[in-house]
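First up is the structure itself, then whatever we jot down about it.
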Amino acid sequence: MLHRLFKLIIICLAIAPALRAAEPLRLSLADAIAVANDSSLTTFKNRNLYASGYWEWRTFKANRLPSLSLDVTPASYFRYIAQRYDYENNIDVFRGQQLYSASAGLKATQNVDFLGGALYLESDLQYMRNFGDVTNNQFSSVPVRIGYSQDLIGYNPFKWEKRIEPLKYEKVKREYLSRTEEVAENVVMYFFTLALAQTQYRLAADNLAAADTLYAVGERRFKIAAISQADLITLRLDKVNARNSLENARIGITKAQFALASYLGLDTGTEIEVVLPDSPSLSVVPLDLALACARENNPELIARRQTIIEAERDVSKTRAESRFNASINASVGFNQVAPNLNDAYRDLMRQDIVSLSVSIPLVDWGVRKGKYNMARNVLDVAKIDARQQELSVEQDVTVTVGEYESRRSLVESAVEALDLARMAYEQTKQRFIIGKADINSLTLSQNRQQEATINYVTTLQNYWQSYYKIRRLTLYDFERDEPITQSFDKALGVR
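In this note's numbering, the protein residues as written are 722 to 1216.
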């Protein structure tokens, strides 16, 4: 977290002077990704999604700890007519009654995971005062009571929670990291869209300048009959087309800058100048390592594993409930009743409570059996879906790794082609100026240079998109040779 905050401060310090001076904001690809991961609306949404899963995990951990609760009823007053038995006349009569009562109870509970029950410790105190013909006070105390309650149907919900909840948190964490890498993929798309627009603008500006120069040269050569009028008209047409291309390129830059600034969370009027990145130092991505990391870290596969365990839980529950239901509650403690508070805690009497309840299905017309069979079918479907998802992810990883390797070599070829195209264009232009090349050769050379430049930017974009897609699918940093979750856990202080 501190590292990210420091990086954001550096970026802000770099941005501030540019904004004050009304100069274009220069952004590298790494800077753009850092800004998006800190300021974009998508990032804020991802953080909230992660926070929801994180607090669900914290709630699960808290439920494993003892809980303490205090229940207090400070005052309760009743005034009513009740039916009472008259022993002297052997009849029931209605009598008025007034009653004031108060109570307080303290209870500590600890879930017992391996048994599936709950151990509790209680202390209660109740006070009651009757008004009317007969007035009396009574205190009822339970200084201490310890007990245990549990269902005896063979289904332990705590055991299944202990298997499912950690997996759910790991899924939430990896979903957050996967969305972060997806943000990087989107930044690559917006970044190179602007890079391509700016490249086309620079090419259009160079073409316009070259067209002006060549047209001026063409006019001089036409005066001495060195070129035909058709060639001169072609040079003038090139000049007009270059001017139109420059204006279209300017519109393209405006749209691309707006899209990138909006996605990064910057002011949409910010003028941005992108700096093309180099290829990373990563030389090769081992396919076996990528597949192993995808199987372990891909959130979609973790979600399928969670679904299988939940289906197994439902099978276990329906199988247990198909036989009979039983529960037990047992406690031992002390209690006493007295007209005053002190005596309510003297000469305590033993209090034992044991209850066992059993529910046995006799005729349910196959309802429970049907639920069990449905749970089994859901489990089978979950296993098939998990296998299909695993094959799909493996195929995606294999194809992406292959694309990455191809695009890595294409970047090197694109750089070489760009250098050759530039040299060929400069030489052809100089030969045209001195009259040793015709207009067709010049136009062909110019088109090849433009194609090589655009191809280089496009190839670089495809390369970086493959790079971040591999990171998203595997959640592994192949440059540092460590899982991305490792740096995430370090930032959270998790060991």
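No residue lacks a Cβ here, since even glycine has one placed at the ideal position from N, Cα and C.
Item                                                                                                              : Value
Whole-angstrom C-beta distance between V995 and L915, which should lie under 8 Å                                  : 5 Å
Cβ distance (whole Å) where V1036 is taken to contact R1089 below 8 Å                                             : Contact flag wrong, Cβ pair sits at about 13 Å.
Cutoff 8 Å: V1075 Cβ touching any chain D Cβ                                                                      : Of the chains in the structure shown, none is chain D; there is only one protein chain.
Where G1184 falls: helix, strand or coil (DSSP)                                                                   : This sequence places Tyr at residue 1184; Gly is not what is there. Y1184: helix per DSSP, three-state reduction.
Assigned exposure category for V904 - 16 Cβ within 10 Å defines buried                                            : buried
Distance between M1070 and G868 (C-alpha atoms, nearest Å)                                                        : 17 Å
Whether L827 touches L786 by CB criterion (8 Å)                                                                   : no
Segment limits, beta strand (DSSP E) that includes R800                                                           : 788-807
Close beta carbons around E891, own chain, < 8 Å, minus the five adjacent residues each side                      : I1023
Beta-carbon spacing of I1175, L917 below 8 Å                                                                      : yes
Three CB pairs or more closer than 8 Å across the segment 1050-1065 and the segment 856-868                       : yes
Nearest-angstrom Cα separation, counted from S1166 out to Q1151                                                   : 12 Å
CA-to-CA distance, N1094 to V1084, given in whole angstroms                                                       : 18 Å
Same chain, Cβ closer than 8 Å to R1026, five either side skipped, listed in chain order                          : L888, A1107
Short Cβ contact (8 Å threshold) for I885 with I1105                                                              : no
Exposure of N769, with buried meaning 16 or more beta-carbon neighbours within 10 Å                               : exposed
Minimum C-alpha distance to S1076 - residue among E882, N928, G837, L873                                          : L873
Cα-Cα separation, V814 to Y801                                                                                    : 14 Å
Length of the line joining the Cα atoms of I945 and G1156                                                         : 12 Å
Alpha-carbon spacing of P1204 relative to P1007, whole angstroms                                                  : 14 Å
Simplified DSSP assignment, three categories, for A742                                                            : Only weak support is given to the placement of A742: the predicted model assigns it a pLDDT of 44, under 50, and the question is left unresolved by the model.
Rounded Cβ spacing between T1180 and V1132 (contact assumed at less than 8 Å)                                     : 5 Å
Close-in-space but distant-in-sequence residues of the same chain around F1055 (CB under 8 Å, 5 per side omitted) : V863, P864, V865, R866, L1069, M1070, R1071, Q1072
Candidates I1154, D988, E968, of which the one nearest Q919 by Cα                                                 : E968
Start-to-end residues for the beta strand (DSSP E) that takes in L846                                             : 838-852
CA nearest to the CA of N851, picked from Q921, S797, L842                                                        : S797
Buried/exposed call for F799, threshold 16 Cβ in 10 Å                                                             : exposed
C-beta atoms of D1117 and L1194 nearer than 8 Å                                                                   : yes
Integer Cβ distance of A1015 from V1114, believed to fall under 8 Å                                               : 5 Å
Beta-carbon separation (whole angstroms), K1092 vs Y876, contact threshold 8 Å                                    : Contact doesn't hold; Cβ gap of about 13 Å is too wide.
Beta carbon of S1208 nearer than 8 Å to that of G986                                                              : no
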